[in-house]
Amino acid sequence: MAAIELRGLTKVYPGGVRALDALDLVIPDGEFFALLGPSGCGKTTLLRTIAGLETATGGSVVIGERDVTGVQPGGRDVAMVFQDYALFPHMDVTDNIAYPLRIKKVAKTTRQAKAAEVGARLGLEHLMDRRPGQLSGGQQQRVALARVMATQAQAFLFDEPLSNLDARLRLEARTFLKKLQRELGVTTVFVTHDQAEALAMADRMAVMEAGHIRQIGTPAEVFQRPANTFVAGFIGSTPMNLLDGVAHGGTLEVAGCALPVPTSAEGLLADGEKIVYGVRPEYNAYAAEPAADALGGKVVIMENLGASHLVTLDVNDVMVQAIVPEGREPAIGDQGWAVPRRDRALVYRDG
Ligand code: ADP
Ligand code: MG
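Numbering-wise (UniProt numbering), the sequence shown opens with residue 1 and increments by one.
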């Protein structure tokens, strides 16, 4: 097992797409690291460059103590699981799992024993003679995992491994994969475009945009304190309210209402400075009665979240979302107030 260190890693594809732009990243040994970002931001390129399947245009990749920048994929000692699993359709489960060992010229009886051991660990023991076409999506995914585990690599690289599973299986696989990684303690880079998956699984995570890392932190840090409006808008099951505002002394003018400066921005704003005011709906409580330090408006949309509702208020033509607990839902057209938590609201200057 080994740490992964990327220094100034750059990848420019022929044709000029700068998929990775001087990326610096250190993933300590044994960490479950999630790489999150929208489609096309460079996640797959980053994994493939760590694995050696793409040649870096600049910078270096260090795995353990070893600089592997010029090393062929086979010599890097990392194992990658692809989005489509890349199983061999003509081989049964045993041979699929044992395939990397065959490449390493491990004796047949040894590799079959290893495949059986890993297969059993992943609950595949009754399926070892089947071919991929005779397996469900979830079972195929386990075979792909088993194949990676059989290699005993220094690091695992997962490229959206759960995205082909249906919603329920995906939740099960999350827990399963996380538990497995804990037990094995292998450094893992897990790529996903699903923010909930990254928040749920990662020890630490990075949010990428257009070849750049915009923030690195624990899920709690990234959720509570997104570094900029891009990350703020990307993280969270309901998007953060990002509202234009202006600082006036100790208060902010936001959507025609006066709000106190958030705790985190106290003393930092110049008079007349234009800002973006950020508050998650979860920290923006709905009130049916007039409230101080609130955004008042008319209820225009109600969305059922299960145990609560997401209320959208039209506040002087600005849409503001707040959460209302079960049983206190207003009606469309009601007058209402959204009261942001001052210790949770944020101020951005990059909007
Ligand atoms: P993600 O996995 O985050 O969706 P990718 O790493 O696949 O992103 O792609 C990053 C950028 O690089 C995109 O603009 C994509 O179109 C481009 N790209 C990916 N692979 C190639 C390639 N082989 N040749 C040229 N451009 C590529
Ligand atoms: Mg991708």
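Quick reminder that beta carbons are idealized off the backbone N, C-alpha and C, glycines included.
- Task: Pull up the DSSP beta-bridge partners for N241, would you.
- Result: Answer is V279.
- Message: Just checking V17 against ligand 1 - is the residue's beta carbon closer than 7 Å to any of the ligand's heavy atoms?
- Response: Residue side-chain check: V17 places its Cβ nearer than 7 Å to a non-hydrogen atom of ligand 1.
- Query: Does the Cβ-Cβ distance between D159 and T44 come in under 8 Å?
  - Reply: In contact: D159 and T44 (Cβ atoms closer than 8 Å).
- Query: Name the DSSP beta bridge partners of G296, please?
  - Reply: Bridge partners of G296: W337.
- Query: Is the CB-CB distance between residue 385 and A146 below 8 Å?
  - Reply: With the chain covering only 1 through 351, there is no way to say anything about residue 385.
- Task: Leaving aside the five residues before and after E329 along the sequence, list all residues of the same chain whose C-beta is less than 7 Å from its C-beta, in chain order.
- Result: Taken in chain order, the residues that qualify are M302, H309.
- Message: What residue range does the alpha helix (DSSP H) around Y99 cover?
- Response: 93-103 is the span of the alpha helix (DSSP H), which, as asked, contains Y99.
- Query: In terms of DSSP beta bridges, what is Q195 paired with?
  - Reply: Residue pairing by DSSP places Q195 in no beta bridge whatsoever.
- Have a look at L127 and V93 and give me their C-alpha separation to the nearest angstrom. Whole-angstrom Cα-Cα distance: 7 Å.
- Query: Should Y348 and I235 be called a contact, given that it needs their Cβ atoms to be closer than 8 Å?
  - Reply: By the CB criterion at 8 Å, Y348 and I235 fall outside the cutoff.
- Task: Kindly indicate the opening and closing residues of the beta strand (DSSP E) around F32.
- Result: Per DSSP, F32 belongs to the beta strand (DSSP E) from 32-36.
- Query: What are the start and end residues of each continuous beta strand (DSSP E) run of 3 or more residues lying completely inside the segment 134-202, in chain order?
  - Reply: Qualifying beta strand (DSSP E) stretches, in chain order: 155-159, 187-192.
- Secondary structure at H90, three-state DSSP: helix, strand or coil? Looking at H90 - three-state DSSP - the assignment turns out to be coil, as it is neither helix nor strand.
- Message: Measuring alpha carbon to alpha carbon, tell me which residue in L199, L46, L35 is nearest K11.
- Response: Across the set L199, L46, L35, the C-alpha of L46 shows the shortest separation from the C-alpha of K11.
- Determine the extent of the beta strand (DSSP E) in which L47 is found, giving its start and end residues. Premise fails: L47 lies in the alpha helix (DSSP H), 43-51, not in any beta strand (DSSP E).
- Message: Between the alpha carbons of E183 and A247, how many angstroms are there, rounded?
- Response: Roughly 51 Å between the two C-alpha positions.
- When the Cα atoms are used, what is the spatial distance from E222 to L6? Before going on, a small fix: residue 222 reads as Val here, not Glu. When rounded, the distance between both Cα atoms is 21 Å.
- Let me know if A220 comes out buried or exposed under the rule of 16 or more other beta-carbons within 10 Å of its beta-carbon. So A220 counts as exposed.
- Task: Could you tell me if the beta carbon of residue 363 falls within a distance shorter than 7 Å of some heavy atom in ligand 2?
- Result: The displayed coordinates of the chain run from 1 to 351. Any statement about residue 363 would go beyond what the structure contains.
- Item | L346 in three-state terms, based on DSSP | L346 sits in a strand when the DSSP states are folded into three classes.
- Message: Taking only three categories from DSSP, how would you classify T109?
- Response: Three-state DSSP puts T109 in a helix.
- Secondary structure of Q72, DSSP reduced to three states: If DSSP states are grouped into helix, strand and coil, Q72 belongs with coil.
- Put V231 into one of helix, strand or coil per three-state DSSP. Helix, per DSSP.
- Query: Hey, is the segment 201-219 in contact with the segment 239-246, meaning 3+ C-beta pairs nearer than 8 Å?
  - Reply: Because the criterion of three Cβ pairs below 8 Å is not met, the segment 201-219 and the segment 239-246 do not touch.
- Message: I'd like to confirm the pairing. Which residues does DSSP put opposite T218 in its beta bridges?
- Response: For T218, which the question treats as bridged, DSSP gives no partner whatsoever.
- Message: Let me check you understand the geometry: is the CB of G297 closer than 7 Å to at least one non-hydrogen atom of ligand 1?
- Response: Flag unset: Cβ of G297 not near ligand 1.
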